[in-house]
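Enquirer: In UniProt numbering, the protein residues as written are 1 to 203.
Cβ coordinates follow ideal geometry from the N, Cα and C atoms, glycine included.
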Amino acid sequence: MKLLLMLTAGAIVLCAGKYDKVKITPEIAYIYVYHKGKAVKIHRIQDTKNKLTGEYAKTYRPGQDIQPIKMQKDIQTIGEVELLHFLKEKVNRKKGLLVDLRTKKYYQKESIPGAVNIPFATKNNHEKMEKILKVLGAKRLADGTLDTTNARTVAFYCHGLWCAKSSKFIKEFLKLGYPAEKILYYRGGFQMWKILGFTTVSN
């Protein structure tokens with residue numbers, strides 16, 4: 001829960017110039033994101049011969065199925081460029097939160113800059129889930145309904161295309177009354193972030 005309270009602050013700047021050998025888009029070479037109070041430059045690995053190694057280089061996970069692009073008809077699925085704009089337009093202005101649903105161990109080792117950790121297993125703890133809703137700006141009313149007038153937009157990600165953690169967690173959020181229009185699903189997750197050579201941070 002402490003991580004939830006450490007909301008990202010500061011400016012995010014879209015930049016061009018350096019790091020333009022391997023760009024994010026034709027117009028964007030890198031951006032700055034504040035992660036736990038420190039500016040982090042997000043860019044892609046400039047070595048054009050770089051190859052992915054380690055856990056996220058695997059193409060097969062036993063018992064894991066590829067996740068559909070549309071996990072639920074009312075939930076918007078986003079890619080990397082949209083995620084960067086979300087960091088700039090929502091997280092930076094404290095109107096949004098990027099949530100890493102992997103275990104604390106994975107999050108501590110490496111994560112997307114600007115993300116906070118809410119382990120997937122948290123969905124089974126009703127008390128903690130209600131606290132998370134409150135931190136996000138939602139208010140549980142006396143009649144049991146959820147007032148989300150001032151609630152932040154939240155983007156969820158997990159391991160990647162083969163991981164169902166985000167889909168299942170989002171479905172639980174919907175059951176609790178969080179509006180679909182304030183939920184984003186980054187389907188590519190950490191594996192796609194790594195495949196594209198984006199900057200990561202340790203926590």
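Identify every residue that forms a DSSP beta bridge with Val154.
Expert: Start at 1 with the first residue of the sequence shown, and residue 154 comes out as number 154. Answer by DSSP bridge pairing, in chain order: Leu97, Ile183.
Enquirer: I think Phe190 touches Phe120, with their Cβ atoms under 8 Å apart; what is that distance to the nearest whole Å?
Expert: For the purposes of this step, residue 190 is identified with residue 190 of the sequence shown, where counting begins at 1. For the purposes of this step, residue 120 is identified with residue 120 of the sequence shown, where counting begins at 1. At roughly 13 Å, the Cβ-Cβ gap does not stay under 8 Å, so Phe190 and Phe120 are not in contact.
Enquirer: For Ala57 and Trp162, I'd like the C-alpha separation in whole angstroms.
Expert: Within the sequence shown, the letter at position 57 stands for residue 57. Within the sequence shown, the letter at position 162 stands for residue 162. Looking at the two C-alpha atoms, the distance is approximately 13 Å.
Enquirer: Can you give the Cα-Cα distance for Val154 and Ile195, rounded to whole angstroms?
Expert: Residue 154 sits at position 154 when you count from the first residue of the sequence shown. Residue 195 sits at position 195 when you count from the first residue of the sequence shown. Near 23 Å, if we compare the C-alpha coordinates of Ile195 and Val154.
Enquirer: Using a 10 Å radius around the Cβ and a threshold of 16 neighbouring Cβ atoms, would you call Leu5 buried or exposed?
Expert: Your numbering for residue 5 matches position 5 in the sequence shown. Any reading at Leu5 must be qualified, since the residue scores a pLDDT of 38, below 50, and its modelled position is unreliable; no value is offered.
Enquirer: Out of His35, His43, Lys38, Val33, which has the shortest C-alpha to C-alpha gap to Pro26?
Expert: In the sequence shown, counting from the first residue as 1, residue 26 sits at position 26. Answer by Cα proximity: His43.
Enquirer: Counting pairs of Cβ atoms below 8 Å between the segment 125 to 144 and the segment 48 to 62, do you hit three or more?
Expert: no
Enquirer: For Ala11, which three-state DSSP category applies?
Expert: Counting from one through the sequence shown, the residue named residue 11 turns up at place 11. Bear in mind that the predicted position of Ala11 carries a pLDDT of just 40, short of 50, making it unreliable; the figure below should be weighed with that in mind. The three-state secondary structure of Ala11, taken from DSSP, is coil.
Enquirer: What three-state label does DSSP hand Thr199 in the structure shown?
Expert: Residue mapping note: residue 199 aligns to position 199 of the sequence shown, counting from 1. Thr199 falls in the coil class under three-state DSSP.
Enquirer: Tell me whether the beta-carbon of Ser202 lies closer than 9 Å to the beta-carbon of Gln108.
Expert: As a position in the sequence shown, residue 202 is number 202, starting the count at 1. As a position in the sequence shown, residue 108 is number 108, starting the count at 1. Against a cut-off of 9 Å, the Cβ pair of Gln108 and Ser202 comes out as a contact.
Enquirer: Would Glu127 be called buried (16 or more neighbouring beta carbons within 10 Å of its own) or exposed?
Expert: If you number the sequence shown from 1, residue 127 lands on position 127. Burial call: exposed.
Enquirer: By the 10 Å Cβ neighbour count, where 16 or more other Cβ atoms means buried, how is Tyr186 classified, buried or exposed?
Expert: Taking the first residue of the sequence shown as 1, we reach residue 186 at position 186. Tyr186 is buried by the Cβ-count criterion.
Enquirer: Where does Leu146 sit, in a helix, a strand or coil, going by DSSP?
Expert: Here residue 146 refers to the residue found at position 146 of the sequence shown. The answer is strand: DSSP assigns Leu146 an E or B state.
Enquirer: What do you get for Glu181, buried or exposed, if any count of 16 or more other CB atoms within 10 angstroms of its CB means buried?
Expert: Position 181 of the sequence shown holds residue 181. With a 10 Å radius around the Cβ and a threshold of 16 neighbouring Cβ atoms, Glu181 comes out exposed.
Enquirer: Considering just the uninterrupted stretch of the alpha helix (DSSP H) at Ile132, what are its terminal residues?
Expert: In the sequence shown, residue 132 corresponds to position 132, counting from 1. Its alpha helix (DSSP H) spans residues 126 to 135.
Enquirer: I need the DSSP call for Val33, collapsed to helix, strand or coil.
Expert: Indexing the sequence shown from 1 puts residue 33 at position 33. Of the three classes helix, strand and coil, the one that applies to Val33 here is strand, per DSSP.
Enquirer: Looking at Pro113 and Ala151, is the spacing between their C-beta atoms short of 9 Å?
Expert: Position 151 of the sequence shown, counting from 1, holds the residue named residue 151. Position 113 of the sequence shown, counting from 1, holds the residue named residue 113. Their beta carbons are not under 9 Å apart, which means Ala151 does not touch Pro113 by this criterion.
Enquirer: Alpha carbon to alpha carbon, how far is Thr122 from Gly188?
Expert: The residue labelled residue 122 in the question sits at position 122 within the sequence shown. The residue labelled residue 188 in the question sits at position 188 within the sequence shown. So the alpha carbons of these two residues sit roughly 22 Å apart.
Enquirer: Just tell me which of Tyr34, His159, Gly160, Leu133 has its CA closest to the CA of Asp147.
Expert: Here residue 147 refers to the residue found at position 147 when the sequence shown is read from its first residue. Nearest C-alpha to Asp147: Leu133.
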